[in-house]
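So the protein lines, in turn, are chains A and B. First residue of the first sequence? That's 1 in my numbering, and the numbers climb one at a time after it. First residue of the second sequence? That's 1001 in my numbering, and the numbers climb one at a time after it. Here's the structure we're looking at; comments come further down.
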Amino acid sequence: MLSALWYSLALIFTTGLVAPTLVRRFGDRVAWFLALAPAGAFLLLASQAAGVAGGEVLAYEVDWFSALGTSFSLRLDGLGLLMSLLVTGIGAFIVIYAGGYMHGHPQLGRFFLYLLSFMGAMLGLVLSDNLILLFVFWELTSITSYLLIGFNHEEKESRWKALQALLVTGLGAMSMLAGFILVAYVTGSFSISEINGMGDLISASPLYMAIVILVLGGAFTKSAQVPFHFWLPNAMAGPTPVSAYLHSATMVKAGIFLMARMNPSLGGSELWGTLLSCFGGATLLLAVTLGLFQKDVKSILAYTTLGVLGLLTMLLGWGSEYAIKAMVVFLLGHALYKATLFMVAGSIDHETGTRDVLLLRGLRGLMPITALAGILAAFSMSGLPPFFGFIGKELIYKAAMKLGGWEFSFLIVALLGNLLMMGLALKAGLGPFIGRPNHEALPKKPHEAPIAMWLGPIVLGSAGLLLGILPFLVTGYLVDPAIASILGESIVRTDLTLWHLVKPNLPLLLSAITIIGGTVVFIFRQQFWTVADGVLAALRPIGAEAVYDKIFNGTIWFSKTQTRWLQTGRLHDYVFMIVLTTTGFLTWALIRYGGLQFGIDWASVDVLIFCLVIIMIVAAIVAATVDDYITVLTSLGVVGFGVALIFSYYGAPDLAITQFLVETLTVVLFMFVILRLPPLKTISEKATRLRDGLVSLTFGGLITMLLLMAMHIQFDSAISGKLAEMSYPEAKGKNVVNVILVDFRALDTMGEIVVVTAAALGIAALVTSGFKKKGDT
Amino acid sequence: MKYFILAQSSRILFPCLLVLSLIVLYRGHNLPGGGFIGGLVAATAFILMGVGHSMTRAREMLRVEPVALMGFGLAIALTSGLPGMFLQGAPFMTGEWLPDFKLPLLGKVHLGTPLVFDIGVYLVVIGFTLHTTFSLAQLAASRNDGGAA
Chain A
1 MLSALWYSLA LIFTTGLVAP TLVRRFGDRV AWFLALAPAG AFLLLASQAA GVAGGEVLAY
61 EVDWFSALGT SFSLRLDGLG LLMSLLVTGI GAFIVIYAGG YMHGHPQLGR FFLYLLSFMG
121 AMLGLVLSDN LILLFVFWEL TSITSYLLIG FNHEEKESRW KALQALLVTG LGAMSMLAGF
181 ILVAYVTGSF SISEINGMGD LISASPLYMA IVILVLGGAF TKSAQVPFHF WLPNAMAGPT
241 PVSAYLHSAT MVKAGIFLMA RMNPSLGGSE LWGTLLSCFG GATLLLAVTL GLFQKDVKSI
301 LAYTTLGVLG LLTMLLGWGS EYAIKAMVVF LLGHALYKAT LFMVAGSIDH ETGTRDVLLL
361 RGLRGLMPIT ALAGILAAFS MSGLPPFFGF IGKELIYKAA MKLGGWEFSF LIVALLGNLL
421 MMGLALKAGL GPFIGRPNHE ALPKKPHEAP IAMWLGPIVL GSAGLLLGIL PFLVTGYLVD
481 PAIASILGES IVRTDLTLWH LVKPNLPLLL SAITIIGGTV VFIFRQQFWT VADGVLAALR
541 PIGAEAVYDK IFNGTIWFSK TQTRWLQTGR LHDYVFMIVL TTTGFLTWAL IRYGGLQFGI
601 DWASVDVLIF CLVIIMIVAA IVAATVDDYI TVLTSLGVVG FGVALIFSYY GAPDLAITQF
661 LVETLTVVLF MFVILRLPPL KTISEKATRL RDGLVSLTFG GLITMLLLMA MHIQFDSAIS
721 GKLAEMSYPE AKGKNVVNVI LVDFRALDTM GEIVVVTAAA LGIAALVTSG FKKKGDT
Chain B
1001 MKYFILAQSS RILFPCLLVL SLIVLYRGHN LPGGGFIGGL VAATAFILMG VGHSMTRARE
1061 MLRVEPVALM GFGLAIALTS GLPGMFLQGA PFMTGEWLPD FKLPLLGKVH LGTPLVFDIG
1121 VYLVVIGFTL HTTFSLAQLA ASRNDGGAA
């Protein structure tokens, strides 16, 4: 049965695929039409909200790799609903915005293809109910975001930063996959909903610690927690709509989503709580501190995003119902205001030609709508009443006050983080619009952005205010179900309200401190900027990025060095190395497993075969010692035909015929090239020949002895017996060899003929290139 | 320079080898033979023609490019895996058979997708061998020309 889940995914992916064609035919305005895809998906998913709020779960499942426990299963619960609505809802506005921002860009169609593919991947990620499926979508977001961040691929910087994001998140994903496999090993299932019911089983397992660390490896890299935080501000190299989308509601939240998703199964332990709160807290403080010294509007926003990711992680680490509630509310609020602020920053950049906060001021008169959107978002982010951000911040303080013991110090972390974050919010969202106008200093003469570029910001910015005043709009349908899924319960009822601020209490006092502190930070912003260059330059060599650079360059150095060593380009060296390595490993294995044990049963030796073998040995010796190609070829032919005769003698006609044909053809083919080869004598030194001879003898001797040994081992003949037995009834063939080739193991043969084809193309290319070079000279 | 006996015998052997290759291909399911061996035999026929007369002649007899033969063979082999999927809902490459029937000379005939697959293998092997042979022969010929000039 097809469901809303399936339709919404398909809608976005197919729209992405046709986007380039549509843009080519109808121009930039088609963005409005493309936005219908995420908007449609939004409505489809939103229509399920009532059911989800009632504890109902929408699922869709198709068998995929059932043998590996992997199915294409989607599931819509509270958390999935919240995230998918953010992905599609904000996505729709971003598509419209990108149409305006990237207006006239020659590769706009490609951009929409990437953007919508990313959106589909992100939607698939938040709807997945299978760990492997989740992993696939997770990687898909990494790849599409690589393409998006590096969209300005003519710039080296841009490519470098995109690669950095890909490597960091990709490496994390490997760790996460390992974690998933361990989870499945412990629980016997890849299904997330089943696993979430087996939290006790997992935490009792001795592998629990490994699982937590590995899974967090994925979540922390994706959500840019310390020490993997550096890729996120660098990812600002992408076009602004990308930053607005990837770094507000979607990609970087994937890590948070994963932790929230796995919270019922992995959470609740001291390890989980401590790791999340400490890394989250550290990320929060580091991010907002570094943010103080940024002078680029987008960079400031990037650091606040980092801070929020830290905050959300920390809240998940606290783990109480209050903390989860705060986290959900904050996540929703952040998505709304951060997307707005990024889009506003993009509009400013687009209209003025700069994002430098030192140049930007007094734009309110010329860009009134953008200014309004920016200020609304900045206030919501600052946590001023009556904005939605205020509710989120209050909840954080409430949750922090419930912490006991040493954990109570997180209250200070939260306070400091919020305070500095507010300062940054005002810098990015308010600063450019207030103050005395200074339009002459700007690279471009500013004017209001087109409607495509202010529609999204104003709607999302106002949503922050609307939800602040009327929080019940989202409580029942979005927030409560999400909290329920993170806590692993079926239904949770909470209420959100602004109005507890009428009576004085401690959270309110903390809020007041935050607001005063944040304002002070904002007022003294100039002081931070004055010292910014010095501070950042001093920090760079000790930062995490410096470590990344070292590892990156080290890997490249290692790769180059070993390539120079191993890849000489001479066939002779390759064969030598392969034979030597095989000999080495075989010897090791023999010593390890008790040495050679065999006896030769002379009675079973056939006189005919004995003579044949003698002839072959003589031929082999001749081939190895003479200096003349024709003789070598003939002697090798004798060996080959000898093998074929042995095959036919022992009743393997298929092999024998093949061997005969191949031997014949080899001789013929060799004749064509023989004239082009240098004289055999000059190919190698005498010492090299001796060395090669020695290695070959050892290798051949070892293989012979191994074969003799193998004769004495009792193999389980069930497989070959079974194949022979099934051959006629199952595959209607009496020749087992052929039945195996074309029926039982046809896929293997398929692979082989593909390889053969590739080899033929390779040979032809090599030969022809040599031929052409000859022609040139 | 042509050798009379080689040239004449290649003319006679060429059709024989081709027919032989088809027989080997067909009987492979029950008796020694099959697409791989059949393909090698067929390729030998062309190589013999190439050695006996000229590679140009062999190319003409083949009519199509060896590369096309390989591509065609791969496509056939791949397609042979599909009927089982659609008709039985079984995994890719599951054999699918026509009802048996009798023909003069051949006796009872089973036709099924494994045979189709083997035909694909047959074509790929011919293509591979001849593609390699022709390029190497070209290389040899270029050397001779270079020597003469």
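Think of the CB as a built atom: it goes at the ideal place given N, C-alpha and C, for glycine as much as any other residue. A quick note: this is a predicted structure, and the numbers were derived from the prediction, not measured.
- As far as DSSP is concerned, A/K550 takes part in no beta bridge.
- The beta carbon of A/V626 lies closer than 7 Å to those of V632 in the same chain, with the five residues before and after it left out.
- Contact check between the stretch 281 to 294 of chain A and the stretch 413 to 424 of chain A: three or more CB pairs, one atom from each, fall below 8 Å, which counts as touching.
- The beta carbon of B/I1126 does not come within 8 Å of any beta carbon belonging to chain A, so the residue lies off that interface.
- Among the CB atoms of chain A, one or more fall inside 8 Å of the CB of B/F1117.
- Assignment of A/R592 by DSSP, reduced to helix, strand and coil, places it in the helix class.
- A/E61 has A/S73 as its beta-bridge partners, per DSSP.
- At a cut-off of 8 Å between beta carbons, A/M726 makes no contact with chain B.
- Where A/K298 is concerned, there is no enclosing beta strand (DSSP E), although the alpha helix (DSSP H) around it starts and stops at 297 to 318.
- Using a Cβ-Cβ cut-off of 8 Å, A/D296 does not count as an interface residue toward chain B, since no Cβ of chain B sits closer than that to its own.
- Look at B/L1103 here: in three-state DSSP terms it is strand.
- The beta carbon of A/L271 sits closer than 7 Å to the beta carbons of M209, V212 from its chain, once the five residues preceding and following it are set aside; these are given in chain order.
- Shortest Cα-Cα distance from A/S380 to any of A/V329, A/E407, A/F410 involves A/V329.
- 8 Å or more divides the Cβ of A/D356 from the Cβ of A/T240.
- The stretch 122 to 131 of chain A makes no contact with the stretch 477 to 491 of chain A: fewer than 3 CB pairs, one atom from each, lie closer than 8 Å.
- For A/S8, the enclosing alpha helix (DSSP H) has its first and last residue at 4 to 26.
- Using beta-carbon distances, B/L1013 does not count as an interface residue toward chain A, since no partner is under 8 Å.
- With its beta carbon less than 8 Å from one in chain B, A/L665 belongs to the interface.
- Interface flag for B/M1093 against chain A is set, since a Cβ pair is found closer than 8 Å.
- Non-local C-beta neighbours of B/L1098 in its own chain, meaning closer than 7 Å and more than five positions away in sequence, comprise L1111, G1112, ordered along the chain.
- Around A/L473, no beta-carbon contact reaches into chain B at under 9 Å, the shortest distance being about 48 Å.
- As computed with DSSP, B/W1097 is found in a beta bridge with B/G1112.
- Unbroken alpha helix (DSSP H) stretches of 4 residues or longer found wholly inside the stretch 455 to 526 of chain A: 480 to 487, 506 to 523, given in chain order.
- Below 8 Å, enough C-beta pairs join the stretch 394 to 401 of chain A and the stretch 505 to 514 of chain A to call them touching: three or more.
- If you look at B/P1066, you'll find it in the alpha helix (DSSP H) that goes 1066 to 1079.
- Ranked by Cα distance from A/C278, the options A/I515, A/L473, A/A758, A/L216 are led by A/L216.
- Here A/P450 has G100 as same chain residues with Cβ atoms under 7 Å from its own Cβ, once five neighbours each way along the sequence are excluded.
- Here A/S203 carries a helix assignment [DSSP, helix/strand/coil].
- Contact residues of the stretch 742 to 769 of chain A toward chain B are V742, D743, A746, L747, T749, M750, I753, V754, V756, T757, A759, A760, L761, I763, A764, V767, T768 (C-beta to C-beta distance below 8 Å).
- Membership of A/V662 in the alpha helix (DSSP H) is indicated by the continuous run 653 to 674.
- Using beta-carbon distances, B/F1072 does not count as an interface residue toward chain A, since no partner is under 8 Å.
- Per DSSP, B/Q1008 is one residue of the alpha helix (DSSP H) stretching across 1004 to 1027.
- Across the structure, B/F1036 and B/D1118 are spaced so that their CA atoms are roughly 8 Å apart.
- Under the DSSP assignment, A/E725 falls in the alpha helix (DSSP H) whose first and last residues are 718 to 731.
- Between A/P233 and A/L113, the gap from beta carbon to beta carbon reaches 8 Å or more.
- Following the DSSP letters along the chain, one finds A/V626 in no alpha helix (DSSP H), marked with neither H nor E.
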